[in-house]
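Have a look at the structure below, then the notes.
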Amino acid sequence: MSDLLHKKLGKLGAEVVSKEDERKLLALFHDGELEYGLKKELYSLLEKMDDAAMDQEESRARFERLWKKVQQSEDKKEVRKLPRMHWYVAAAMLLLGLLIGNLIQLKAPEIKSETTYYTAIAPKGSISQSVLPDGTIIFLNSGSELKYATDMSQTKREVYLNGEAWFDVQHSEEIPFLVHTDQYDVKVMGTEFNVKAYPEDQEVVTTLEEGSIQVMSTSKLKLEHNIELVPGEQLVYHKSKKTVQVKDVKSQLFSSWKDNKLIFINMSLGELITLLERKYGVDITIQDQQLLKHHYDGTIRNETIIEVLDILQKTLPINYVINDQKVIITKK
């Protein structure tokens with residue numbers, strides 16, 4: 001998405017809506033008969049926006065016209081209407097969650113069944129936000145995918161994660177929420193937690209912020225019993241060593257990425273390089289493998305990749321060059 005479109009989204013998202021209203025609005029994108037028309041209209045509105053900031057009345061008028069189209073579609077289907085509110089603001093917030101960085105894409109079903117599956121995607125260099133049909137809020141980190149059934153709120157609630165995601169799960173005693181990773185499953189009733197399960201990483205990490213979760217066995221990982229975590233605990237499974245460790249952590253440090261902030265403590269340069277590749281969507285090569293032994297503490301907020309590399313160059317014995325959009329790190 002272009003920088004201009006980002007700026008336009010920023011103008012529209014200056015105000016906020018409640019979490020409950022946001023859940024209801026985003027649920028419209030799981031309605032097969034509304035989804036494509038709604039997205040098309042929203043994109044069209046953004047493209048027509050002038051570079052100059054729109055005033056509130058003009059914004060209101062445009063989004064009121066959009067919302068009338070949505071209501072007309074709902075009337076034909078005889079479905080419930082959402083309560084009235086400042087729709088131009090709500091639609092702007094919805095856009096910020098769904099459009100930045102090509103956040104959500106519909107893929108062809110990968111499982112041979114009558115169930116329809118969606119795949120939410122966060123391409124490298126971007127972070128996406130989704131709201132599932134049951135109201136669960138999910139942030140996907142760069143280079144991650146999440147697959148789920150469109151009827152999950154009516155039957156069972158389960159998702160398939162490839163990469164990293166932060167979850168704010170809607171509570172339900174009757175229908176637990178399941179997160180399937182390549183190594184183990186996470187069972188949830190309703191809570192906030194982070195799961196990091198990139199297939200190329202050596203560790204699968206689950207960190208609990210609020211509520212309680214259970215880590216469960218799969219065909220690849222046989223546990224003696226389900227492992228229940230309490231807030232502030234983290235479970236780490238090491239793939240090659242086949243070991244499971246539960247430890248106390250500052251859980252917010254492991255989900256700061258969803259707020260476009262990365263905090264790392266005593267991180268090896270090798271791990272940091274992987275993190276930077278995902279965050280900025282770049283390829284980084286280290287010519288001297290001995291450099292990977294260096295460790296680093298720091299915080300990345302709004303810095304560009306060049307600014308981050310300059311800081312590393314000043315604090316570690318390294319140099320870097322950029323060649324054909326690839327970063328090459330050498331020993332100083």
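Position 226 of the sequence shown, counted from 1, bears residue number 226 in the working numbering, the numbering being contiguous throughout.
Note that CB positions come from ideal geometry on N, CA and C, so glycine has one too.
On the three-state DSSP scale, how would you describe residue 300? Residue 300 sits at position 300 when you count from the first residue of the sequence shown. Of the three classes helix, strand and coil, the one that applies to residue 300 here is strand, per DSSP.
Nearest residue (CA-CA) to residue 332, options 259, 288 and 299: Translated into the one-based positions of the sequence shown, residue 332 becomes position 332. It is 288 whose Cα lies nearest to the Cα of residue 332.
So, is residue 240 buried or exposed, given that buried needs 16 or more other C-beta atoms within 10 angstroms? By 1-based counting over the sequence shown, the position of residue 240 is 240. With fewer than 16 Cβ atoms within 10 Å of its Cβ, residue 240 is classed as exposed.
Please classify residue 228: does DSSP put it in a helix, a strand, or coil? The count along the sequence shown starts at 1 and reaches residue 228 at position 228. DSSP places residue 228 in strand when its eight states are reduced to three.
Need the endpoints of the alpha helix (DSSP H) that residue 270 sits in, please. Within the sequence shown, the letter at position 270 stands for residue 270. Where residue 270 is concerned, the enclosing alpha helix (DSSP H) stretches over 269-280.
Mark residue 99 as exposed unless 16 or more other C-beta atoms lie within 10 angstroms of its C-beta, in which case mark it buried. In the sequence shown, counting from the first residue as 1, residue 99 sits at position 99. With a pLDDT of only 42 at residue 99, under the threshold of 50, the placement of this residue in the model should not be trusted; the figure read from the coordinates follows. Looking at its Cβ environment, which holds 16 or more other Cβ atoms inside 10 Å, residue 99 is buried.
Continuous alpha helix (DSSP H) stretch holding residue 315: start and end: The residue given as residue 315 occupies position 315 in the sequence shown. That run of the alpha helix (DSSP H) goes 305-315.
Identify whether residue 258 lies in helix, strand or coil by the three-state DSSP scheme. As a working mapping, residue 258 is identified with position 258 in the sequence shown. In the structure shown, residue 258 sits in a helix (DSSP, three-state: H, G or I).
When we look at the beta-carbon of residue 304 and count the other beta-carbons within 10 Å, is it buried (16 or more) or exposed? Position 304 of the sequence shown, counted from the start, is the residue given in the question as residue 304. The residue is exposed, with fewer than 16 neighbouring Cβ atoms inside 10 Å.
Pair within 8 Å by beta-carbon distance, residue 166 and residue 279: Start at 1 with the first residue of the sequence shown, and residue 166 comes out as number 166. Start at 1 with the first residue of the sequence shown, and residue 279 comes out as number 279. For residue 166 and residue 279, no; Cβs fall outside 8 Å.
Taking the beta strand (DSSP E) that residue 292 falls in, what are its first and last residues? Against the sequence shown, residue 292 aligns to sequence position 292. Counting along the chain, residue 292 falls outside any beta strand (DSSP E), and DSSP gives it neither H nor E.
Could you check if residue 224 is buried or exposed, using at least 16 other CB atoms within 10 Å of its CB as the buried criterion? As a first step, residue 224 is located in the sequence shown; it is residue number 224 there, counting from the start. So residue 224 ends up on the exposed side.
Less than 6 Å between C-beta atoms, sequence neighbours within five positions excluded: which residues of the same chain meet that for residue 192? Looking up residue 192 in the sequence shown gives position 192. Same-chain partners within the cutoff: 168, 209 and 210.
Could you check how far apart the C-beta atoms of residue 320 and residue 311 are, in whole angstroms? I think they sit under 8 Å. Here residue 320 refers to the residue found at position 320 of the sequence shown. Here residue 311 refers to the residue found at position 311 of the sequence shown. So it is not a contact: roughly 11 Å between Cβ atoms.
Quick check on residue 252: buried or exposed, where buried means 16 or more other Cβ atoms within 10 Å of its Cβ? Against the sequence shown, residue 252 aligns to sequence position 252. Exposed, since its Cβ has fewer than 16 Cβ neighbours within 10 Å.
In three-state terms, what does DSSP make of residue 160? Taking the sequence shown and counting its residues from 1, the one referred to as residue 160 is at position 160. Residue state, collapsed to three classes: strand.
Would you say residue 180 and residue 205 are within 8 Å of each other, going by their C-beta atoms? As a working note, residue 180 is residue 180 in the sequence shown. As a working note, residue 205 is residue 205 in the sequence shown. No, Cβ-Cβ distance for residue 180 and residue 205 is not below 8 Å.
When DSSP labels each residue in this structure, what does residue 217 get in the three-state scheme? Counting from one through the sequence shown, the residue named residue 217 turns up at place 217. It is coil, neither helix nor strand.
Does DSSP put residue 129 in a helix, in a strand, or in coil? Working through the sequence shown from its first residue, we reach residue 129 at position 129. Residue 129: strand per DSSP, three-state reduction.
Measure the CB-CB distance between residue 195 and residue 177 and report whether it falls below 8 Å. Mapped onto the sequence shown, residue 195 falls at position 195. Mapped onto the sequence shown, residue 177 falls at position 177. Not closer than 8 Å, so no.
Between which two residues does the beta strand (DSSP E) containing residue 116 stretch? For the purposes of this step, residue 116 is identified with residue 116 of the sequence shown, where counting begins at 1. From DSSP, residue 116 is part of no beta strand (DSSP E); its letter is neither H nor E.
Using the Cβ count rule (16 or more neighbours within 10 Å means buried), how would you classify residue 230? The residue labelled residue 230 in the question sits at position 230 within the sequence shown. Residue 230 should be labelled exposed.
Among residues of its own chain, excluding the 5 on either side of residue 234, which ones have a beta-carbon nearer than 8 Å to its beta-carbon? Indexing the sequence shown from 1 puts residue 234 at position 234. The residues are 205, 206, 207, 208, 246, 247, 248, 249, 251 and 254.
Classification of residue 273 by the beta-carbon crowding that lies within 10 angstroms, buried from 16 upward: Reading the sequence shown from its first residue, position 273 is the one you call residue 273. That one is buried.
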